[in-house]
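>
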Amino acid sequence: MASMQASMGLQRLWHRLASRLLDRWLAFRLVEPEPFQLDATLPTLYVIARPALTDEIAIDRLSRDLDLPDAGQWHQLGHASLPGCFALPRLRGSRGAIQGQHSAHLQHLLDALEADATLDAQLVPVSVFWSRAPGKDFGFWKMLAADDWAWSGRLRRLLSVIVNGRHLEAHFGEPIRLRPLIDDPEVTLTQRKVARVLRVHFRRIRARVLGPDISHHRTLMRGVVDSRPVREAIQEAVAADRSTPARERRRAERYAREIASNMSYPVMRFLYELLKRLWNRLYEGVDVHGLDAVKAIAGERTLIYVPCHRSHIDYLLLSYVLYREGLMPPHIAAGRNLDMPVIGALLRRGGAFFLRRSFKDNRLYAAVFNEYLHRLIARGHPVEYFIEGGRSRTGRMLSPRPGMLAMTLRSFARDAIRDVAFVPVHVGYERVLESNSYLRELRGGQKKKESPLDLLRVLKHLREPHGRVTVSVGEPRSLADFLNETVPGWQDDPVAARPEWLHRAVPLLGKTLARRINDAASLNAVSLVAMTLLATPHHTIESDLLAHHIGLLVRLQRNLPGSRHCQLPAGEPADWIEHVASLGFVTRQPQALGELVTARPEQATLLTWYRNNVLHLFMHLGLVAFAFRNNAAFTLDDLDALLSPAWPLLANELYFAPPADPRERLSATLSVLTEEGLLQATDNGWRRQPGHLESSEHLRLLGQPVQPTLERAYLLLASLLRYPSGELTQQALEEHSRQLAERLTLLSGLNAPEFFDKRLFSGMLETLEQQGWLRVENERLFYDDSLRQTQMRSRALFDPELRHRLVRLTRQ
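Using my numbering, the first residue of the sequence shown is number 2, and each one after it goes up by one.
1) Just confirm the distance between the C-beta atoms of Ser-544 and Ile-578, as a whole number of angstroms; I'd bet it's less than 8 Å.
2) Give the DSSP-derived three-state secondary structure of Val-587 in the structure shown.
3) On the DSSP bridge list, what partners appear for Ala-334?
4) Using only the alpha-carbon positions, how far apart do Leu-553 and Leu-279 sit?
5) May I ask you to report which of helix, strand or coil DSSP gives Gly-212?
6) Mind checking whether His-699 and His-550 have CB atoms under 7 Å apart?
7) If you reduce the DSSP assignment to three classes, tell me which class Val-433 lands in.
8) Which ranges does the alpha helix (DSSP H) cover as unbroken runs of at least 4 residues, wholly within the region 29-58, from first to last along the chain?
9) Do the region 568-577 and the region 378-390 meet, that is, are 3 or more Cβ pairs less than 8 Å apart?
10) According to DSSP, what are the bridge partners of His-290?
11) Measuring CA to CA, which of Pro-425, Ala-414 and Ala-171 is closest to Met-398?
12) Looking at the unbroken alpha helix (DSSP H) that takes in His-106, where does it start and where does it end?
13) Which of helix, strand or coil does DSSP assign to Ile-388?
14) Does the region 637-647 come close enough to the region 792-802 to have 3 or more Cβ pairs within less than 8 Å?
15) How about Ile-183 and Leu-283: are their beta carbons less than 7 Å apart?
16) Which residues does DSSP list as the beta-bridge partners of Arg-478?
17) What is the residue span of the beta strand (DSSP E) that Ser-82 lies within?
18) I need the straight-line Cα distance from His-172 to Ile-206, nearest angstrom please.
19) Closest to Leu-637 by CA distance: which of Arg-337, Gly-300 and Ala-669 is it?
20) For Val-198, which option in Val-48, Gly-381 and Asp-785 has the closest C-alpha, if you only look at C-alpha atoms?
21) When the Cα of Arg-612 is compared with those of His-76, Val-777 and Ser-523, which residue comes out closest?
22) Below 8 Å on the Cβ atoms is my contact criterion, and I expect Val-210 with Gly-327 to pass it. Report the Cβ-Cβ distance as a whole number of Å.
23) Buried or exposed: where does His-80 fall if 16 or more other Cβ atoms within 10 Å of its Cβ makes it buried?
24) If you check the beta carbons only, do Ala-72 and Asp-61 fall under 7 Å apart?
25) Taking just the CA atoms, how far does Asp-416 sit from Pro-659?
26) Rounded to whole angstroms, what's the CA-CA distance from Lys-29 to His-332? Just pull it up for me.
27) If you drop the 5 nearest sequence neighbours on each side, which residues of the same chain put their C-beta closer than 6 Å to that of Val-587?
28) Drop a sphere of 10 angstroms on the beta-carbon of Asp-293, count the other beta-carbons inside from all chains shown, and report buried for 16 or more, exposed for fewer.
29) Assign Asn-653 to one of two classes, buried (16 or more other C-beta atoms within 10 Å of its C-beta) or exposed (fewer than that).
30) So, with DSSP's three-state summary, where would you put Gly-686?
31) Go through its chain and collect everything with a Cβ distance to Trp-152's Cβ below 8 Å, but skip five positions before and after it.
32) Tell me, which residues are paired with Val-598 by DSSP?
33) Compute the beta-carbon to beta-carbon distance between Pro-230 and Glu-372, rounded to the nearest angstrom, for a pair I have assumed lies under 8 Å.
34) Using 7 Å as the threshold, is the C-beta distance between His-382 and Ser-412 below it?
35) Please name the residue, chosen from Cys-86, Leu-716 and Arg-432, that lies closest to Ser-738 on a Cα-to-Cα basis.
36) Bridge partners of Leu-775, per DSSP?
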């Protein structure tokens with residue numbers, strides 16, 4: 002006993018000396034969750050994954066910094082004297098047998114609680130990461146990085162303390178209160194069982210932060226080329242091209258090198274520090290919302306991040322945010338056009354893997370790429386790709402492309418042991434870096450091919466203000482749950498033969514993810530001003546009216562949001578206007594009767610991009626406001642009958658979920674507009690306010706953004722109904738409608754190429770077919786009289802002048 006006490010005394014002395022040496026050096030970059038709540042009435046014992054004095058010292062320092070129960074305190078529980086922080090023992094394997102699971106401290110704690118029913122304690126698992134470690138092929142410098150999947154020795158930990166001591170991460174687990182478990186007659190609590198629960202927690206956190214081991218790049222490449230699908234593709238290429246197996250294998254290896262990323266922790270660390278300085282210079286701040294739901298599943302499922310694509314820096318920004326928030330950055334699918342000298346190599350080591358724009362005619366390339374993606378997903382590596390394909394030049398969500406989604410579904414069906422979760426992400430910019438190129442393209446200019454010089458062109462804008470950027474994470478979608486709900490029995494179909502369910506599941510999954518991305522959209526000062534200013538006839542408005550209206554928009558979203566995850570800006574409307582003016586989007590003009598805010602033609606064109614980012618959030622309000630714009634009063638029944646056909650058209654074009662109960666949503670919208678004074682409730686329904694009141698102008702501004710979609714729908718239906726049922730083909734109608742829309746923009750003096758985008762008319766016809774208004778037989782369009790009646794009824798939405806112009810246009 003005396004020797005044991007002497008040993009404990011020496012241990013405490015050594016701990017105090019080491020703490021004094023390290024205390025001022027250690028600094029935490031990230032602590033989760035924060036703030037952390039513990040039951041202050043119970044003894045608190047912190048548990049770490051394996052014995053490490055440096056981890057114990059770090060937790061001791063952290064507990065004092067956060068005003069938590071002191072990790073350096075010893076607790077007397079019965080006859081047991083226990084440290085405030087102890088480790089689970091290392092696991093050692095011998096011929097397949099796991100040894101060393103016994104924890105003396107944990108056993109003494111459980112024995113003390115068993116012996117005295119009045120005692121209780123709580124265990125808090127804590128994971129400490131000394132920055133992020135490099136891959137194993139990085140030479141001597143790998144010792145200077147902190148944690149990877151191989152536990153570090155004493156020398157490597159000493160070097161980690163020196164190099165990474167000021168970049169620590171700590172992740173707290175949920176406290177485990179022991180007394181309720183001991184008193185539960187259905188639970189047989191042993192130290193082995195508690196240790197197993199703790200180890201599962203530590204493995205999950207480690208997988209979340211470090212991801213799977215990325216150090217075996219060459220092994221992964223060889224596995225791809227040696228896989229059965231690639232070997233079969235090689236044999237097919239040999240037969241088709243009269244080549245040799247060796248030559249086709251070399252071609253497959255070349256494709257694998259062209260595609261694969263070579264993620265490196267040192268490069269990720271370098272990029273993190275570089276991007277942190279870039280964002281601090283470029284933006285006033287990066288706001289992040291919704292990552293808690295991702296952290297809860299990161300260690301259990303393979304994560305597929307599907308952000309909207311608005312800028313070249315989307316993927317850099319998301320990787321930076323994930324690294325900063327303690328999550329493993331993903332492997333990113335990037336276009337081959339970005340594999341440029343210097344830049345491509347840096348992106349590849351930061352996690353980018355490259356794909357060609359199209360490879361449907363290259364069977365061998367497709368096999369290599371599919372196998373590479375499958376191995377990433379099957380091994381649990383987080384992956385990121387853009388379902389839109391390219392960047393949105395209009396600010397709207399583009400139609401999802403099927404390629405990567407189909408490959409992901411096939412990979413999952415091939416090996417569905419580990420679930421996959423899609424993580425939708427919306428990135429909201431107050432000023433995007435590509436403003437000048439988008440302005441040119443919004444005016445009808447051709448898209449330019451990216452080159453290394455583009456980076457230099459962007460760098461010259463770093464000193465210009467760009468406001469804030471918001472990264473909003475939507476609700477993750479389990480792929481297993483999605484398939485079980487939409488295509489029951491999907492496991493029964495042979496994957497190699499391209500299962501029939503794939504053709505139904507891919508478009509539906511794309512639409513689901515696009516809606517979830519939009520559901521996470523955030524409002525900012527620029528989008529609010531754009532929504533208002535572009536609704537005015539000459540893009541000019543009184544400053545006080547603008548302030549009142551953007552304040553109204555925020556209140557409406559707060560009381561009846563367009564999405565569940567919509568983030569609203571902080572501050573006051575006057576500050577928002579000043580901020581937008583400082584970013585160069587509007588001009589403030591003093592005038593004797595009051596200040597005016599105006600947008601010059603190039604400013605107005607660019608503002609359409611920012612308005613389109615959030616247009617879907619206001620459709621439920623705008624559609625009702627537009628109906629009252631040309632009609633003095635409605636009953637609920639009449640308004641519901643008039644607007645019901647429009648919901649699916651708007652929802653499919655702008656990718657938002659239509660209301661489950663349109664009538665209930667309509668009633669709630671009327672109530673909110675009435676509370677804000679925009680409508681007046683009567684005994685027989687609702688009536689708009691008199692035209693001389695400001696509320697009448699607010700109603701007009703609110704309804705204006707809906708008009709372009711309704712105009713396109715009217716042009717499409719009027720063109721179709723000019724011909725007998727079954728006479729027009731879909732292609733002919735789409736092209737004719739596009740030409741009419743283009744003519745309308747020219748006659749109206751508008752510069753809006755997006756208005757006559759042929760894909761919008763294709764989407765409308767698809768929606769009409771899904772809703773039963775049309776049917777397609779032998780590529781021809783058939784309809785009945787109900788469609789004509791609906792089109793006639795919709796004329797009530799438009800004012801007489803616009804209706805006359807649309808009718809005259811469709812007769813040409």
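All C-beta atoms in this analysis are idealised placements derived from N, C-alpha and C, irrespective of residue type, glycine included.
Taking the geometry as given:
1) Rounded, the Cβ-Cβ distance is 7 Å, consistent with contact.
2) coil
3) Phe-354
4) 35 Å
5) coil
6) yes
7) coil
8) For the alpha helix (DSSP H) assignment, the region 29-58 encloses no uninterrupted run of at least 4 residues.
9) no
10) Ser-473
11) Nearest C-alpha to Met-398: Pro-425.
12) 105-116
13) coil
14) yes
15) no
16) In the DSSP assignment, the residues bridged to Arg-478 are Phe-423.
17) 81-84
18) The straight-line gap from Cα to Cα measures roughly 8 Å.
19) Residue Ala-669 is the option with its Cα nearest to Leu-637.
20) Val-48
21) Ser-523
22) At roughly 6 Å, the Cβ-Cβ gap stays under 8 Å, so Val-210 and Gly-327 are in contact.
23) exposed
24) If you check the CB distance, Ala-72 and Asp-61 come in under 7 Å.
25) 34 Å
26) Before going on, a small fix: residue 29 reads as Phe here, not Lys. Going by the C-alpha atoms only, they are around 26 Å apart.
27) Val-581, Val-598 and Ala-600
28) exposed
29) Asn-653 should be labelled buried.
30) strand
31) Note that Trp-152 scores a pLDDT of 46, beneath 50, so its modelled location is shaky; the value from the coordinates is reported in the next line. Result list for Trp-152: Arg-51 and Arg-91, in chain order.
32) Ile-542 and Arg-589
33) 6 Å
34) no
35) Leu-716
36) According to DSSP, which records beta bridges pairwise, Leu-775 is partnered with nothing at all.
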